[in-house]
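Below is one structure, written out as structure tokens; comments come after it.
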Amino acid sequence: MNRLVGITIGVLNVGFVGYTLFSVFRRKQAESQRRRRSIIRRDTMHRFFTWHLTQGEWHLHHGRTHVGVGHLANAVIICEQPQRFLDLIQEWLPADVYELVREKVDQLILVAEQQQQQRNRAWRHMLHRHEVQPSEINHNEVE
């Protein structure tokens, strides 16, 4: 009997250690995957930022001011440090074009905020629709 208890405790210990090692492995694997996704996302955002910046410069250079302003505003929105970027482009853009970029950025922010509010309202509405009201409970079925 004591031998059976000892074997059982040994098997449980091996199982616990195995599970612990497996959990550590899975956690490290998940962290590595999150880091990889973060690097990919950062690289993608950098390329997107660079593309909008170069497109904005090209369109401004070729007299397509409104298209160039749109691209520069998009670059500001996705930039990691938008205020520093705005300060930088203020130095090399004519004042009237810079003001157009600022106005476009404000418009984009406003639209994004409105879309977020709409999503929040839709989410609250969906949650509210699925709430069970006290009058809907059939007390005969509940035991």
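For the sequence shown, our numbering begins at 2 and goes up steadily by one.
Built from N, CA and C at the ideal position, the CB exists for glycine as well.
All values derive from a computational prediction rather than experimental measurement.
As for any alpha helix (DSSP H) of minimum length 4 sitting wholly inside the region 76-111, the runs are 83-93, ordered along the chain. Taking the Cα positions, H72 is about 34 Å away from R125. Scanning its chain for C-beta atoms nearer than 8 Å, with the 5 sequence neighbours on each side dropped, one finds around I79 the residues M46, F49, F50, H53, in chain order. Distance check between E100 and each of L87, T55, V112 places L87 closest, using alpha-carbon atoms only. Using a Cβ-Cβ distance cut-off of 8 Å, the region 55-72 and the region 88-108 are in contact, since at least three pairs of beta carbons, one from each stretch, lie closer than that value. DSSP, read as helix, strand or coil, puts G71 in helix. From the listed residues A76, T21, K29, the smallest Cα separation to Q56 is found for A76. Per the coordinates, the alpha-carbon of S39 lies some 10 Å from the alpha-carbon of S33. Inclusion of V102 and A74 in the CB contact set at 7 Å is warranted, their separation being smaller than that value. Taking the Cα positions, R120 is about 20 Å away from D107. Straight-line spacing of the CA atoms in N14 and R4 works out to 15 Å.
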